[in-house]
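Participant: Sharing a structure, written as structure tokens. Questions coming.
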Amino acid sequence: MINDTIAAIATAIGEGGIGIIRISGEDSFDILKKVFRSVEKQEEVEKESFFLGRKLRYGHVVDSEEEIIDEVLAVYMKAPKTYTAEDVVEIYCHGSVVALRKILRRVLTCGARLAERGEFTKRAFLNGRLDLSQAEAVMDLISARSDKAYGSAMSQLQGELSEGVDIIRKFILDVLVEMTVNIDYPDEDIEELTYRSLIKSLLNIKEQLEKLRKGADTGKLIREGLGVTIIGRPNVGKSSLMNRLLGESRVIVTDIAGTTRDTIEESANIRGIEVRLTDTAGIRRTEDTIEKIGIEKSLESINTADLIIYVVNAGEALTEEDEKIIEEIQYKKVIILLNKSDLDKKVSKEYMAEKLPGAKIILTSMKTGEGISQIGDEVENMVYGGAVAQGNSVTVTNTRHIALIENALLSINEAIETTELKEALDIIEIDVRNAYDLLGEITGETTSDDIINEVFARFCLGK
Ligand code: GDP
1 MINDTIAAIA TAIGEGGIGI IRISGEDSFD ILKKVFRSVE KQEEVEKESF
51 FLGRKLRYGH VVDSEEEIID EVLAVYMKAP KTYTAEDVVE IYCHGSVVAL
101 RKILRRVLTC GARLAERGEF TKRAFLNGRL DLSQAEAVMD LISARSDKAY
151 GSAMSQLQGE LSEGVDIIRK FILDVLVEMT VNIDYPDEDI EELTYRSLIK
201 SLLNIKEQLE KLRKGADTGK LIREGLGVTI IGRPNVGKSS LMNRLLGESR
251 VIVTDIAGTT RDTIEESANI RGIEVRLTDT AGIRRTEDTI EKIGIEKSLE
301 SINTADLIIY VVNAGEALTE EDEKIIEEIQ YKKVIILLNK SDLDKKVSKE
351 YMAEKLPGAK IILTSMKTGE GISQIGDEVE NMVYGGAVAQ GNSVTVTNTR
401 HIALIENALL SINEAIETTE LKEALDIIEI DVRNAYDLLG EITGETTSDD
451 IINEVFARFC LGK
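Position 298 of the sequence shown, counted from 1, bears residue number 298 in our numbering, the numbering being contiguous throughout.
Right, here's the structure in full:
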């Protein structure tokens, strides 16, 4: 049972037009009456009806001596149609850290307790207004750094993931019921039939879980951004490419080979997708130790990248260094840019296609801007073409959810195996039930208190 009243500053700390103090719980209205003085009709403040209909009331927050702390607007929202499903009061004051802290302190002395991180949202969850995955979406929404991350958090908040998970759980439940009936009333004649129908149902569940798992691949790209490593010999135009993609000149461009000594990392937004760009020193045989560090780092970033952009100077024949790069990136997802295509070409698309089959090749010029938009097309294609081609699949961005889906998939695979071996039904049932419970942890139905606490501890204060 939750019966105390909590309060916190809900807006970011700093200077702003408006700051908000939020209060939730049974005593919210009593506290409001104690701290708020109406400019309109003070005698009405005592009555709930004065605030009903979520009317914003204009007045002041005063301290215990009736001294004005700030000029405010206040609203009282009666349970259950509120964020927490409890009585909620919000006080809109000036966006001053001092005003916010003073009002909060006053509210706390009038009977509220300082809210823990994420406690408002936790109450919304405990009061059944949101399920756990929706509550987590609130946090993702707040911290989203790209349109796509925001969009996927919003659809999760709308319950899209929960719906997908519930559908699969319903299928698993049907299987569990079918099994229980057969465990309780074993009949040798129908045993064979049971195994056959069981396999069919389990394979169907597996297929649906795999779809959800695919949504997680896209989700990872959306959450973490696409890791792109830009590689190529010195002076081919890597820094110029970075600048083009970032839309401003933050990387120094020079004509001296080897100026990009270390790797440089920047975050760009391409078509609403967060792209983490790493510009490498290029792979060169060198005795220069500083440059060597850069080279080691660039090899490392090749291994961890989701996508490699290999820049070639189309105006010069390939060199030994290029051969070395090609060797390193053979098994990676690669886009080759035949850059400086405004100059006389010495390297053709066909030649590169032979060198690196499977790579996408684009003619570019960092000077004229040719081919830049095609790079955007390819990035978009990578994120949406591969993983989400199945159409209606849900994107899964939360690592906790992904782990649960993967483990549920393992359990179902285990169940399929034991069913094929015609093991006793109660053995198979263990794995099937496990998958059911694991999926329930996504929406919070079967989640332990520890995990729930851990989830909300990652929230910011006042949410
Ligand atoms: P990096 O060493 O690979 O990072 O190469 P930079 O981006 O520093 O470019 C090296 C030189 O090539 C600079 O003088 C650029 O202005 C020039 N450059 C880069 N891209 C192009 C291009 O597409 N066409 C032409 N003509 N010059 C380019």
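Note that beta-carbon positions come from the ideal geometry of N, C-alpha and C, so glycine has one too.
Output yes or no for whether 8 Å exceeds the beta carbon distance between residue 198 and residue 419.
Facilitator: By 1-based counting over the sequence shown, the position of residue 198 is 198. By 1-based counting over the sequence shown, the position of residue 419 is 419. Cβ atoms of residue 198 and residue 419: closer than 8 Å.
Participant: On a Cα-Cα basis, can you pick out the residue from 397, 402, 237, 154 that is closest to residue 367?
Facilitator: The count along the sequence shown starts at 1 and reaches residue 367 at position 367. Closest option to residue 367, Cα to Cα, is 237.
Participant: Are the CB atoms of residue 10 and residue 107 nearer to each other than 8 Å?
Facilitator: As a first step, residue 10 is located in the sequence shown; it is residue number 10 there, counting from the start. As a first step, residue 107 is located in the sequence shown; it is residue number 107 there, counting from the start. No. Outside cutoff.
Participant: Apart from the five residues just before and just after residue 437, which ones in its own chain have a Cβ nearer than 8 Å to its Cβ?
Facilitator: As a working note, residue 437 is residue 437 in the sequence shown. Cβ neighbours of residue 437 beyond the five flanking positions: 446.
Participant: With 16 other CB atoms within 10 Å as the buried threshold, where does residue 43 fall?
Facilitator: Looking up residue 43 in the sequence shown gives position 43. Label assigned to residue 43: exposed.
Participant: With distances taken between CB atoms, is the gap from residue 229 to residue 301 smaller than 8 Å?
Facilitator: The sequence position of residue 229 within the sequence shown is 229, counting from 1. The sequence position of residue 301 within the sequence shown is 301, counting from 1. Yes. Within cutoff.
Participant: Measure from the alpha carbon of residue 172 to the alpha carbon of each residue in 412, 425, 451, 456, then state which is nearest.
Facilitator: Looking up residue 172 in the sequence shown gives position 172. For the residues 412, 425, 451, 456, the minimum Cα distance to residue 172 belongs to 412.
Participant: If we count Cβ pairs, one from each stretch, closer than 8 Å, do we get three or more for the stretch 427–441 versus the stretch 115–131?
Facilitator: Contact fails: fewer than three Cβ-Cβ distances are below 8 Å.
Participant: Quick one: what's got a C-beta closer than 7 Å to residue 422's C-beta in the same chain, skipping five residues either side?
Facilitator: On the sequence shown, residue 422 is found 422 positions in, with the first residue counted as 1. Within the same chain, residue 422 has close Cβ partners 195.
Participant: Around the Cβ of residue 330, are there at least 16 other Cβ atoms within 10 angstroms (buried) or fewer (exposed)?
Facilitator: Taking the first residue of the sequence shown as position 1, residue 330 is located at position 330. Exposed, by the Cβ-count rule.
Participant: Let me know the alpha helix (DSSP H) ranges lying completely inside the stretch 346–421, each 4 residues or longer, listed in chain order.
Facilitator: With a minimum length of 4 residues, the continuous alpha helix (DSSP H) runs that stay inside the stretch 346–421 are 349–355, 372–380, 399–420.
Participant: Which class does residue 43 belong to by DSSP, given the choice of helix, strand or coil?
Facilitator: Within the sequence shown, numbered from 1, the residue matching residue 43 stands at position 43. Reduced to three states, the DSSP call for residue 43 is helix.
Participant: Taking a contact to mean a Cβ-Cβ separation below 8 Å, would you say residue 244 touches residue 313 in this structure?
Facilitator: Translated into the one-based positions of the sequence shown, residue 244 becomes position 244. Translated into the one-based positions of the sequence shown, residue 313 becomes position 313. No, the Cβ-Cβ distance between residue 244 and residue 313 is not below 8 Å.
Participant: In whole angstroms, what is the alpha-carbon distance linking residue 227 and residue 336?
Facilitator: For this step, residue 227 is matched to residue 227 along the sequence shown. For this step, residue 336 is matched to residue 336 along the sequence shown. In a straight line, the C-alpha of residue 227 is about 16 Å away from that of residue 336.
Participant: Is the beta carbon of residue 219 sitting closer than 8 Å to the one on residue 443?
Facilitator: Along the sequence shown, read from residue 1 onward, the residue named residue 219 stands at position 219. Along the sequence shown, read from residue 1 onward, the residue named residue 443 stands at position 443. Not in contact: residue 219 and residue 443 (Cβ atoms no closer than 8 Å).
Participant: Suppose the cutoff is 7 Å on Cβ atoms and the five residues either side in sequence are ignored; what does the same chain contact list for residue 25 look like?
Facilitator: Looking up residue 25 in the sequence shown gives position 25. Excluding positions up to five away in sequence, the list reads 4, 5, 6, 86, 87.
Participant: Between 56, 64, 346, 127, which has its C-alpha nearest residue 93's C-alpha?
Facilitator: Reading the sequence shown from its first residue, position 93 is the one you call residue 93. Minimum Cα distance to residue 93 is reached at 56.
Participant: Check whether the stretch 143–159 touches the stretch 396–405, counting contact only when three or more Cβ pairs, one atom from each stretch, lie closer than 8 Å.
Facilitator: Output reads yes: the stretch 396–405 touches the stretch 143–159.
Participant: Let me check understanding here. Comparing Cα to Cα, which of 36, 354, 278 lies closest to residue 265?
Facilitator: Numbered from 1 along the sequence shown, position 265 holds the residue referred to as residue 265. Measuring from the Cα of residue 265, the nearest candidate turns out to be 278.
Participant: From 174, 434, 406, pick the residue whose C-alpha is nearest to that of residue 213; which is it?
Facilitator: Taking the sequence shown and counting its residues from 1, one reaches residue 213 at position 213. Nearest option by C-alpha distance: 406.
Participant: Exposed or buried, which one is residue 58 when buried takes at least 16 other CB atoms within 10 Å?
Facilitator: Position 58 of the sequence shown holds residue 58. By the neighbour-count rule (16 or more Cβ atoms within 10 Å), residue 58 is not buried but exposed.
Participant: Please name the residue or residues paired with residue 38 in a DSSP beta bridge.
Facilitator: Locating residue 38 in the sequence shown gives position 38, where the first residue counts as 1. In the DSSP output, where bridge partners are listed per residue, residue 38 has 59.
Participant: When we look at the beta-carbon of residue 325 and count the other beta-carbons within 10 Å, is it buried (16 or more) or exposed?
Facilitator: The count along the sequence shown starts at 1 and reaches residue 325 at position 325. Per the 10 Å Cβ criterion, buried.
Participant: Pop quiz: residue 75 and residue 37 are said to be a contact at Cβ under 8 Å. What is the actual Cβ separation, rounded to whole angstroms?
Facilitator: Your numbering for residue 75 matches position 75 in the sequence shown. Your numbering for residue 37 matches position 37 in the sequence shown. Not a contact, Cβ separation roughly 15 Å.
Participant: Going by C-alpha to C-alpha distance, which of 200, 209, 35 sits closest to residue 167?
Facilitator: As a first step, residue 167 is located in the sequence shown; it is residue number 167 there, counting from the start. Cα-wise, what sits closest to residue 167 is 209.
Participant: Could you check what DSSP says for residue 86 in three-state terms: helix, strand or coil?
Facilitator: On the sequence shown, residue 86 is found 86 positions in, with the first residue counted as 1. Coil.
Participant: How far does the beta strand (DSSP E) with residue 117 in it extend, from its first residue to its last?
Facilitator: Against the sequence shown, residue 117 aligns to sequence position 117. Element bounds for residue 117: n/a, residue is neither H nor E.
Participant: With a threshold of 6 Å on Cβ separation, who are the neighbours of residue 252 within its own chain once the five nearest residues in sequence on each side are excluded?
Facilitator: Position 252 of the sequence shown, counted from the start, is the residue given in the question as residue 252. Unreliable positioning characterises residue 252 in this predicted model, as indicated by a pLDDT of 49, which lies under 50. A coordinate reading is not provided.
Participant: By how many angstroms is the C-alpha of residue 346 removed from the C-alpha of residue 538?
Facilitator: Because the chain is modelled from 1 through 463, residue 538 falls outside the range shown and cannot be assessed.
Participant: Hey, quick one: how far does the alpha helix (DSSP H) through residue 164 stretch, first residue to last?
Facilitator: In the sequence shown, the residue the question calls residue 164 occupies position 164. From DSSP, the alpha helix (DSSP H) with residue 164 extends over 160–184.
Participant: With a threshold of 7 Å, establish whether the CB of residue 366 neighbours any heavy atom of ligand 1.
Facilitator: Counting from one through the sequence shown, the residue named residue 366 turns up at place 366. Within the cutoff, so yes.
Participant: Taking the continuous beta strand (DSSP E) assigned at residue 226, which residues delimit it?
Facilitator: Against the sequence shown, residue 226 aligns to sequence position 226. Element bounds for residue 226: 226–231.
Participant: Alpha carbon to alpha carbon, how far is residue 448 from residue 104? Give it in angstroms, no decimals.
Facilitator: For the purposes of this step, residue 104 is taken as the residue at position 104 of the sequence shown. For the purposes of this step, residue 448 is taken as the residue at position 448 of the sequence shown. Approximately 32 Å, taken between the alpha carbons.
Participant: Between which two residues does the beta strand (DSSP E) carrying residue 99 extend?
Facilitator: Position 99 of the sequence shown, counting from 1, holds the residue named residue 99. Note, residue 99: premise wrong, no beta strand (DSSP E); alpha helix (DSSP H) at 97–109.
Participant: Just to check, is the beta-carbon of residue 247 closer than 7 Å to a non-hydrogen atom of ligand 1?
Facilitator: Looking up residue 247 in the sequence shown gives position 247. Residue 247 Cβ: outside cutoff for every heavy atom of ligand 1.
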